[in-house]
Structure formats: structure tokens, C-alpha cells
Amino acid sequence: MNRICPFEGTRRCSYYVRLRIALVLCAVIVSPFIAVAQSGPPASKRLTIGVALEGGGALGLAHIGVLRWFEQHHIPIDYISGNSMGALVGGMYATGKSPDELEQLVKGMDWPLVIGGETPYEDLSFRRKEDVRAVQNDLVIGFKHGTTLPSGLNAGHQISLVIDRETLAYSSVKSFDDLPIPFRCVSTELISKKAHVFSSGPIGLAMRSSMSLPGIFDPVRDGDRLYVDGALVDNLPSDLVREMGPDVVIAIHLQVAPVTADEIRSLFNVLGQSITVGTANTELRGMEAADIVVKVDVQKFSSLDFQKAEALIQKGMRAAEEKSKILQPYALDQAAWTEYLAQRDARKKGAVGVPQFVRVEGTSTDAEQKIQKFLQPLVGKPIDTHMLDSYLTRLTGVGRFDSASYGLTQNDGEVGLLVTVREENYAPPVLQPAFGVDGAAR
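For the sequence shown, the working numbering assigns the number 1287 to the initial residue and increments by one for each residue that follows.
So this is what it looks like as C-alpha cells:
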């Protein structure tokens, strides 16, 4: 007689069946865990990092040192925001410039010309050259809309040319998320009295607006909006970079020397310190909104120490080094760093192409046509930015326009040069007072 079960009796057979079922179930449950153990732990996704750069005039050059230290230690930057000089450094870095290229740029700039804002004598029209020789005074009073002073000491023409030249390949980029590193900057909009966050549009307009220090630079006009430096509302924009979605936010704060009562003597000292009080409050908010704060000691420098770029850059590197124990866990190994650089470099723009036409905006139709004719020699040739700068500076020397900027545009698939001029809103006509000093004894 054949038996189905090798054990005698029904009870022993039932026990054998249950035992085999239990073993099968254990195998089914445990086998996935064994497979995971054999393949090793799952690769963890790295944390993304956002960096906020504070404004501060020349002091902001220290940001270049911080960025250099990050790159040397393979710490990636996935998002970046900035205000004023932080917007200039951050925006340039976001377009793919290396810290070495940024250092070379700031050291090669003619800062007295950029900050002073005067049109070089050789670029003035003959009539304006006569005025300069006759009256050696920069103070002018306009009568275009009643008696009016200029809205700033500097129209911002020279700094606009620098920004346009260095970001030309990205001038037609619509969203700043499409840059090699997604970027944001902030400005104060005078009409609404609110912060304005630039996340799209001409990047030159955004950077120039963010660093338009009231009283020094003219406000940037865009339609019915007037933009000045974002320091009034958000000098350390950690909140902007936080909104972009990084896992970790690092704020770069510039520690300046405290001011004493004896140093606040003149009208300008009082006004400057009043602005600083409000700015300091926004910086505190920026530090509170960050996960990590790198404090750069720039107490021995002033906001006009542009000639001390190298020392300021070294200060930035030293400040990052002092935070190395906190920052180092975010460093990538060589393979991951190489992959990060490849992804960032893949978003860089190449050559800008040869412009086939010139379009001018910002003035009357008749004046636009005259300027287009004036710039016609540049059509059909690779863009020579230094020659273009010279042409546009000569336009400001006529006396009708206080600044001009440029970028790329397209029409029916053809690349063109878009030039935007800004007419002086207070002149002509002008009154230029003259002063005489006589030291002779009477």
C-alpha cells in the first residue's frame, strides 16, 4: 500500500505539511532582504546646497574667496542668490564664470570710472568738451521738467557695460533657472515700496537694479517701475535661495566694523548710517533663515576699497576655512564632483553668433533710426564688445542719453543686437554753476 505521507498516522502527516509551508513562507519573506544585503546599501541622494551672498560694495569681493574655497573642497552650489555686489558676483558665477575669472575681472576693472560715472573726455561731443574746459564742475541743474537735480551721482552706464559684456551669451535667457546655476537677486521697487525678486528677464537689468545704491546710482527704470539697491529690504537674501528648494542654505555674511559717534559728523554720514540701521535688520533675518552662516571679517576695509580686491578675496577664503568642519560633510568625492561639474558645464552657453541687424529702444523713432545707422558698422561681424562699449559711450557723450546697454535678440531666426538707451530725464536744458577760488591777499 502506497502512502502519501512518509510518517505514520494522520497527526504526524499534518505536522510535516505545516512545517514545509512555514519554511516556504519564511523563504518568500526573507529572500528580498537577502538580495538587498548582497547588493549593499542603496545609494543615498546627496543634499542640494543653496548659497546667499550679502551686499556691501567692495566688501562683497570677499565672496569670490568663499566661492573659490568651495570649489577647491568640492562643495557644490546648486542654487545661488545675492544682493548688490553679492548679486554681481553671484550672477557672474551663475553664468559659469570661475572664481579665477571673477578675480581677474574685478582686478581689471577701472573702478574710479565705474563708480565715478563720468563720460571720458575723449568720448564727449565737441560742445560738451567746451563746457568741461570752461566750467570744471560736475554739478548740474536740469530744467526739463522744472528745476531738478539728477536722481543720482552716477547714471550707471559703465557698470552696465561691464555686466552686459560679461553676460552677453545669457542676455536672451528668459528664466534664471536655465542658467548653469539657478539664480535670484533682489531690488527695492520705489513705487510699490516692496522687494522685487528677479527670477527672469534680462539678467543685466536684474543685476544692475540690485546694485543701484540710492544717491550714488540712478534708479533703474523699467516701464512704470523704479528699482534701487535691494539692501533696503533684503541685503542677505537667504529667503530667496530657500524658496528655490535646496536642502541646505548657507549665508555669507560680511562683518563690518562698528561705527562710533565721532565718525557720524556730516549730512552724508547721518544718511548713510540711517540706511545701515535698516540694512542690519535685514541681515539678521537673512542669517536666521540660513542653516549655516559663514561670517567674513572685513572690519578693516571700507565699501570703497575696490583696489584691495586680493586682500578681500583672501578674507573670504579664510572665513570659509574657519567653517571647514561644518562645511566638509557636504563635500563630494572626485567622481561625484566630476559629475556635478559636467552637469553644470552642460548648461553653459557657447558663442553668441554674428548679429545681422541692430534694434534700438528707449527713445524717439527718429533718434532710434539715427542710432541704428550709427551702429551699422557692427552688423555682419563678430561682436567686439570693447568696440561696442566705445560706440555706446560716445552716445552718452552727446548729452541727450545718460546710459546705454545691450544684449541679444532674434527676429525670424536671425541673431540681432538690441541696444537700449535711456534719455536724461532732467535735462536739457541745464544750468552748470561755476565757482572761483581766489587766494590772493587783498
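Ideal Cβ positions, reconstructed from N, Cα and C, are used throughout, including at glycine.
Just to confirm, are residue i and residue j a CB contact at a threshold of 8 Å?
{"i": "G1341", "j": "L1439", "result": "no"}
{"i": "A1566", "j": "A1537", "result": "no"}
{"i": "L1333", "j": "D1463", "result": "no"}
{"i": "A1605", "j": "V1582", "result": "yes"}
{"i": "L1729", "j": "M1497", "result": "With the chain covering 1287 to 1728 only, the question about residue 1729 has no answer from this structure."}
{"i": "V1684", "j": "S1411", "result": "yes"}
{"i": "V1638", "j": "I1669", "result": "yes"}
{"i": "L1465", "j": "A1380", "result": "yes"}
{"i": "G1351", "j": "I1550", "result": "no"}
{"i": "L1353", "j": "G1346", "result": "no"}
{"i": "K1460", "j": "S1486", "result": "yes"}
{"i": "I1445", "j": "Y1616", "result": "no"}
{"i": "K1393", "j": "A1597", "result": "no"}
{"i": "E1608", "j": "W1355", "result": "no"}
Out of the options, state which residue places its alpha-carbon closest to the alpha-carbon of residue i.
{"i": "A1344", "options": "S1689, Q1585, Y1677", "result": "Q1585"}
{"i": "D1591", "options": "A1348, L1333, G1336", "result": "A1348"}
{"i": "T1405", "options": "T1682, L1717, L1704", "result": "T1682"}
{"i": "V1448", "options": "F1660, Q1614, A1597, L1674", "result": "L1674"}
{"i": "V1542", "options": "V1527, E1569, P1385", "result": "E1569"}
{"i": "M1378", "options": "H1360, I1489, G1351, D1409", "result": "I1489"}
{"i": "L1499", "options": "D1508, A1455, T1474", "result": "T1474"}
{"i": "L1717", "options": "L1678, A1622, I1427", "result": "I1427"}
{"i": "L1526", "options": "P1719, A1595, G1336", "result": "G1336"}
{"i": "E1357", "options": "P1523, M1371, Q1614, M1530", "result": "Q1614"}
{"i": "H1672", "options": "E1452, L1388, E1607", "result": "E1452"}
{"i": "M1603", "options": "P1385, L1678, L1391", "result": "P1385"}
{"i": "Y1626", "options": "G1372, G1376, M1371, G1382", "result": "G1382"}
{"i": "D1510", "options": "I1363, M1530, L1476", "result": "L1476"}
{"i": "I1612", "options": "A1455, G1666, T1433, V1535", "result": "V1535"}
{"i": "L1522", "options": "L1678, E1654, M1371", "result": "M1371"}
{"i": "L1664", "options": "M1530, L1678, T1562, D1548", "result": "L1678"}
Identify whether residue i lies in helix, strand or coil by the three-state DSSP scheme.
{"i": "D1525", "result": "helix"}
{"i": "G1326", "result": "Only weak support exists for where G1326 lies, its pLDDT of 42 falling under 50; the value from the coordinates is given anyway. Coil, per DSSP."}
{"i": "I1401", "result": "helix"}
{"i": "T1334", "result": "coil"}
{"i": "L1447", "result": "helix"}
{"i": "E1709", "result": "strand"}
{"i": "S1676", "result": "helix"}
{"i": "F1356", "result": "helix"}
{"i": "Q1541", "result": "strand"}
{"i": "R1511", "result": "strand"}
{"i": "L1347", "result": "helix"}
{"i": "Q1642", "result": "coil"}
{"i": "V1426", "result": "coil"}
{"i": "G1414", "result": "Checking the sequence, you will find Arg at residue 1414 rather than Gly. Three-state DSSP puts R1414 in a helix."}
{"i": "G1572", "result": "helix"}
{"i": "I1612", "result": "helix"}
{"i": "L1717", "result": "strand"}
{"i": "E1654", "result": "helix"}
{"i": "I1669", "result": "coil"}
{"i": "S1369", "result": "Residue identity check: residue 1369 is Asn in the sequence provided, not Ser. Reduced to three states, the DSSP call for N1369 is coil."}
{"i": "G1376", "result": "helix"}
{"i": "V1314", "result": "Because the pLDDT of V1314 is 45, which lies under 50, any placement of that residue in the model is unreliable, and the question is left without a value."}
{"i": "L1476", "result": "coil"}
Kindly list the residues whose CB is nearer than 6 Å to the CB of residue i, restricted to its own chain and excluding five residues on each side of it in sequence; keep chain order.
{"i": "Q1658", "result": "V1644, V1646"}
{"i": "L1704", "result": "R1645, G1693, T1695"}
{"i": "G1295", "result": "At G1295 the pLDDT is 48, less than 50, meaning the model places this residue with poor confidence and gives no usable figure here."}
{"i": "Q1620", "result": "none"}
{"i": "N1711", "result": "none"}
{"i": "L1454", "result": "V1638"}
Counting only the same chain and skipping the five closest in sequence on each side, list residues whose C-beta sits under 8 Å from that of residue i.
{"i": "E1709", "result": "G1648, T1649, R1686, F1687, D1688"}
{"i": "K1415", "result": "Y1407"}
{"i": "R1680", "result": "D1409"}
{"i": "G1442", "result": "G1403, R1494, S1498, F1503, D1504, V1506, S1689"}
{"i": "Y1456", "result": "T1381, L1465, I1489, K1635"}
Between which residues of its own chain and residue i is the CB-CB distance below 7 Å, once the five residues before and five after are set aside?
{"i": "G1556", "result": "First, the amino acid is wrong: residue 1556 is Val here, not Gly. Once the five neighbours on either side are set aside, the close Cβ partners of V1556 are I1550."}
{"i": "K1601", "result": "A1348, G1351, V1582, D1583, V1584"}
{"i": "D1508", "result": "L1491"}
Count Cβ pairs between the region 1681-1693 and the region 1628-1642 that sit closer than 8 Å; are there 3 or more? The answer is no - the region 1628-1642 does not touch the region 1681-1693, with fewer than three Cβ pairs under 8 Å.
Counting pairs of Cβ atoms below 8 Å between the region 1356-1375 and the region 1463-1477, do you hit three or more? Counting Cβ pairs under 8 Å, three or more are found: they touch.
Stretch pair the region 1699-1713 + the region 1638-1651: three plus CB contacts closer than 8 Å: Yes: at least three Cβ pairs fall under 8 Å.
Do three or more CB pairs link the region 1385-1399 to the region 1481-1496 at distances below 8 Å? As far as the Cβ criterion goes, the region 1385-1399 does not touch the region 1481-1496, which means the pair count is below three.
Do three or more CB pairs link the region 1472-1489 to the region 1515-1530 at distances below 8 Å? Because the criterion of three Cβ pairs below 8 Å is met, the region 1472-1489 and the region 1515-1530 touch.
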